[in-house]
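S.K.: Heads up: the sequence shown runs through residues 26 to 180, numbered per the numbering used here.
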Amino acid sequence: MRLIKLLARSSQLMLLHMSFLLIALGGVTTWLTARESRVALAPGMPVERYGVSIELLRFQTEYYPGGDVPRDYVSYLLVNGAEMTVSVNRPLAVGGCRIYQQGYTPDGCSIVSIRKDASGTALTFTGFALFFIGGLLSLFRRRRGVAVAIVVAAF
């Protein structure tokens, strides 16, 4: 019985430590392998980066009602032949890439950032999933009749 308890406790701790290792490994992998490109898109001028074709259809600044304070900057794009929208708080994920609205120019061009990082993101999210599972297992582990809980950093 003691051996089972020891193995259960050590497996939970091992799972938590493995999750930290995967999160750190994902960060390092992203730092070493991620590719990013900033592009100024002009209407009607297609650009291709990392296997994704992007063309700006139009750029629009949305304002709060009754004022001249910008609420959002929106680019209407043609991405790999499909119409899509990207704005400051709504990045676009397509073809293993993420497209972020970064800015604009006074003459109607849109500045976007295109980032490709599949492996680092996958490692990091796997680490967070293992951390969550290890935290739940530790939460429901019992010692001397009292539930022992850990505080999960994600909450």
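Each residue gets a CB set at the ideal place from its N, CA and C atoms; glycine is no exception.
So Q126 and S112 are in contact, right, with Cβ under 8 angstroms, and what is the actual spacing, rounded?
M.R.: Along the sequence shown, one-based indexing puts residue 126 at 101. Along the sequence shown, one-based indexing puts residue 112 at 87. Going by Cβ atoms, the distance from Q126 to S112 rounds to 5 angstroms, so yes, they are a contact pair.
S.K.: At the level of alpha carbons, what is the spacing between G69 and G121?
M.R.: Position 44 of the sequence shown, counted from the start, is the residue given in the question as residue 69. Position 96 of the sequence shown, counted from the start, is the residue given in the question as residue 121. Going from the Cα of G69 to the Cα of G121 covers about 24 angstroms.
S.K.: Quick check: what's the CA-CA separation for L47 versus D132?
M.R.: The residue you call residue 47 lines up with position 22 of the sequence shown. The residue you call residue 132 lines up with position 107 of the sequence shown. Cα to Cα, L47 sits roughly 45 angstroms from D132.
S.K.: So the beta strand (DSSP E) F84 belongs to, where does it begin and stop?
M.R.: The sequence position of residue 84 within the sequence shown is 59, counting from 1. From DSSP, the beta strand (DSSP E) with F84 extends over 77 to 88.
S.K.: Name the two residues that bound the continuous beta strand (DSSP E) containing T110.
M.R.: Numbered from its first residue, the sequence shown carries residue 110 at position 85. Per DSSP, T110 belongs to the beta strand (DSSP E) from 107 to 112.
S.K.: If contact is defined by three or more beta carbon pairs under 8 angstroms, each pair taking one atom from either stretch, is the region 103 to 111 in contact with the region 48 to 66?
M.R.: Counting Cβ pairs under 8 angstroms, fewer than three are found: no touch.
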